[in-house]
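**Student:** Attaching a single structure in structure tokens format; questions to follow.
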Amino acid sequence: MGWKPLKLKAMFDIDKWQEIFATIKKNKMRTFLTGFSVAWGIFMLMILLGSGNGLSNGVASNFMNDAVNAMWIWQGETTIPYQGMKSGRQIQFHNEDQEIIKKVAGVGISSGRFFMGNTRYSYKKESGEYTTITCQPELKDVENLILNEGRFINQIDLIQNRKVVVIGVDIKTALFKDSTAIGEYVNINKVPFKVVGICSEPGSTRNRNAYMPLSTAQMIFSGSNRLHNLALTINASTLEESKAIEEQIRNVLGRQHKFDPKDEGAIGLYNKLENYIQTMKIFQAIKIFIWIIGIGTLIAGIVGVSNIMLIVVKERTKEIGIRKAIGASPSSVIGLIMLESIMITTIAGYIGLVLGTGLMEMINYFMMQGADAAAAAAANGGEQGDTMFLNPTVDINIAIYSTLLLIVAGAIAGYIPAKRAASIRPIVALRDE
Amino acid sequence: MIKLNNIHKSYVMGSNSLHVLKGIDLNIEQGDFVSIMGSSGSGKSTLLNILGMLDNYDKGTYHLSGNLIVNMSEKKAAQLRNDMVGFIFQSFNLISFKNAMENVALPLYYKGVPRKKRNLMAMEYLEKMGLKDWAEHMPNEMSGGQKQRVAIARALISKPKIILADEPTGALDSATSYEVMDILKDVNDSGITVIIVTHEHDIAAMTNQIIRLKDGLIHEIIRNGELKQFKDEYTHGLEAAQIKSYV
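Top line first, the protein sequences correspond to chains Z and H.
First residue of the first sequence? That's 1 in this note's numbering, and the numbers climb one at a time after it.
First residue of the second sequence? That's 1001 in this note's numbering, and the numbers climb one at a time after it.
Okay, here's the thing in structure tokens:
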């Protein structure tokens, strides 16, 4: 069969298009049903892909709230008797523990932290209770803090035990309103501290934490050299490596504080990288799953169109027979059916595409507004909310590929029915019932 | 014009083979007005299909305008049909979602005639059939006689050499039947060979030559001269129709 000439001729033959438009116009219901199945398929595919992306983006962005390779270690109580000591012994971290952990291979940056409990902040007539986090400069990178103004705690602050503080955006708004905070002094538990920076946490709607130098806090608020927890990053690319580092840390701390390294209660440990790697594995699986469903939906659409086109050919047997009797060549019949199939598939697919992506964009728009509203609510003391859904839209490339795929699908779907149409024998078609 | 030599045709239905045409020899000259008669199953429709290149034959030879019609590709057959033959059917076979003008213009579409030109020509042929005012009407808005006239216009528009009509009056009342026959007579007068299949004697009597088929063979051929006697046998029918006899 002369495929290329047939196609080229068909594409530029206005008469052929007029023939097809006339047919479609006269068979509105059938055209609608054919188109609907395709539009629906593409619509569902877009929603599926969009939702998958949204879920994936949301969870990934939650992970990005802190460095993905962050690890937190906090002190606990022993639960296993060790070296003649009873269980139930309180473990207390000190500054030297941080030095020990720094020496463990695979540990990146680290920051010790000393808890101060609730602290009262006041500036002029305004005051409120906020959480103070005492830290070293490295914490900024472990928790991916965003500095809106000024600077974070630095090494000199620590060495000189400077009385400086970096406050969260919400504290700034509550205490300073619209006036400048940088350079001003706030009283923290009645001790004046100079505000050097304003920060916020990524993906968070609640920024009610303040950060002050660890050494200053230990000195002023009678912390001596005690630590409550350690935040650090680890350098590992696999689950196994990350677990090895974790074990190494348990071993060295176990030696220092004389507890069984297998004692889960002696120290608490949260390894974010481990969770991250596991979650990303789940998302890979979800992505594969979505593609399988997506391709399945498309195949169902193709089969649907092919099915309906077969019925169309059956229904039009007599008409095609007449056309052949008065001089229609087989290739013109093939062209007629295939072009109709391609046109219905493409137009309907495009409608489905626009509706599907449109819906996802709309959801995205309302979610953005919702996020703003949630942020406003949180600022007034609401819960800190994590978003599970972010930017649930479909990549434009996927949309374009789907459209191209639809055209090809229309051609495939139309081919078998078209072949059948071309093989209709006029005498059979025209036989009077 | 048409030359059939020992044409055989059988249809295979499951394990049974039905031998429909058992050796047809036939000559039809340019400008003839021929009717094919015979009881059902005698093979008259099969013969018409073979003449119209809608069906293949098993054995023998068929020459149309000097061309041997055998083992043609479908494309070639479609082209020859388009150029040489106009079909008229008992059930009119108009395309239901096209109006009268578009139906008439369709053969020209397959000839590659531009839309404007073919619609103009279609109007011309509709006018000849007295259906100018019905050009925009759909087939289901027309009477049987009107539909058949549209079908005749469609058959004529590609200027064929032969008109093949399968029971053209089978679905019409007698008055309308005679109108249609009058038109076919005019067509024949313009030099086009007209071959009709019918089982109505009064219709057959209006043609110049009657070919009677019986059990897949030509039983008798009644030509002009002998037609007088044939006509007498069916005067009753002719009188009922109240039309002048043809000589």
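We put the CB at the ideal spot given by N, CA and C, even for glycine.
1) Of all the alpha helix (DSSP H) runs that stay within the bounds of the region 278-357 of chain Z, which reach a length of 4 or more residues?
2) Could you pull the start and end residues of the alpha helix (DSSP H) that R1115 (chain H) belongs to?
3) Any idea if P1139 (chain H) is buried or exposed, counting beta-carbon neighbours within 10 angstroms, 16 or more meaning buried?
4) With DSSP as the reference, identify every bridge partner of R226 (chain Z), one or two as the case may be.
5) Name, going along the chain, the residues of the region 301-330 of chain Z whose beta-carbon falls closer than 9 Å to a beta-carbon of chain H.
6) So is A1078 (chain H) in contact with chain Z if we call contact Cβ pairs under 8 Å?
7) At a cut of 8 Å, does the region 1094-1105 of chain H reach the region 1113-1125 of chain H through at least three beta carbon pairs?
8) Counting C-beta neighbours from all protein chains within 10 Å, is the total for H1219 (chain H) 16 or more, i.e. buried, or is it exposed?
9) Using a Cβ-Cβ cutoff of less than 6 Å, which residues in the same chain neighbour N209 (chain Z) once the five nearest sequence positions on both sides are dropped?
10) Would you please verify whether the beta carbon of P1168 (chain H) is less than 8 Å from any beta carbon of chain Z?
11) Mind checking whether the beta-carbon of L1120 (chain H) lies closer than 7 Å to any heavy atom of the ligand PLP?
12) In chain order, what residues of the same chain have a beta carbon less than 7 Å from the beta carbon of A1204 (chain H), not counting five sequence neighbours either side?
13) Which of the three DSSP states, helix, strand or coil, is assigned to R162 (chain Z)?
14) Tell me whether Y82 (chain Z) is buried or exposed, calling it buried when 16 or more other Cβ atoms sit within 10 Å of its Cβ.
15) What is the DSSP secondary structure of E247 (chain Z), counted as helix, strand or coil?
16) In chain H, which residues lie less than 9 Å from A22 (chain Z) when you measure between Cβ atoms?
17) I need the straight-line Cα distance from F1097 (chain H) to I282 (chain Z), nearest angstrom please.
18) Can you list, in chain order, the residues of the region 1039-1061 of chain H whose Cβ is nearer than 9 Å to any Cβ on chain Z?
19) If we call anything under 8 Å between Cβ atoms a contact, is G1216 (chain H) one with V1020 (chain H)?
20) Could you tell me which of Z:C135, Z:I344, Z:R323 and Z:G88 sits nearest to N225 (chain Z), measuring between CA atoms?
21) Please check if any C-beta of chain Z sits within less than 8 Å of the C-beta of E1074 (chain H).
22) In whole angstroms, what is the alpha-carbon distance linking Q1030 (chain H) and L1094 (chain H)?
23) Once you ignore the five residues that flank I1221 (chain H) on each side, which residues in its own chain have a CB closer than 8 Å to its CB?
24) Name the residues in the region 390-416 of chain Z whose C-beta lies less than 8 Å from a C-beta of chain H; which are they?
25) At which residues does the alpha helix (DSSP H) containing Y401 (chain Z) begin and terminate?
26) Quick one: list the residues of chain Z neighbouring F1087 (chain H), beta-carbon separation under 8 Å, in chain order.
27) Span of the beta strand (DSSP E) holding P213 (chain Z)?
28) Comparing C-alpha positions only, which one of H:P1168, H:V1070 and H:A1078 sits nearest to S423 (chain Z)?
29) Between Z:L239, Z:W17 and Z:A266, which lies nearest to Q92 (chain Z) when the distance is taken from Cα to Cα?
30) Could you name each continuous beta strand (DSSP E) segment of 3 residues or more that falls completely within the region 97-147 of chain Z, going from the start of the chain to the end?
31) For a quick check, are the C-beta atoms of P417 (chain Z) and M343 (chain Z) less than 8 Å apart?
32) Anything in chain Z within Cβ reach of R1154 (chain H), meaning under 8 Å, just list it in chain order.
33) Please return the same chain residues whose Cβ sits closer than 7 Å to the Cβ of A174 (chain Z), not counting the five positions on each side in sequence.
34) Within 10 angstroms of the Cβ of P202 (chain Z), are there 16 or more other Cβ atoms? Answer buried if so, exposed if not.
35) Quick check on E1167 (chain H): does DSSP put it in helix, strand or coil?
36) Less than 8 Å between CB atoms is the rule here; does I334 (chain Z) satisfy it with respect to chain H?
**Tutor:** Once the coordinates are examined:
1) 317-325
2) R1115 to K1128
3) buried
4) Z:H94
5) K318, E319, G321, I322, R323, K324, A325, I326, G327, A328, S329 and P330
6) yes
7) yes
8) exposed
9) T131, I133 and G168
10) no
11) In the structure shown, the ligand PLP is absent, as is every other ligand, since no ligand is present at all.
12) S1035, M1037, T1198 and I1210
13) coil
14) buried
15) helix
16) F1097, K1098 and E1102
17) 56 Å
18) S1045, T1046, N1049, G1052, L1054 and D1055
19) yes
20) Z:C135
21) yes
22) 28 Å
23) Q1209, I1210, I1211 and R1212
24) none
25) I396 to A422
26) A325 and I326
27) N209 to P213
28) H:A1078
29) Z:A266
30) 107-113, 115-123 and 126-135
31) no
32) I326
33) E126 and G128
34) exposed
35) coil
36) no
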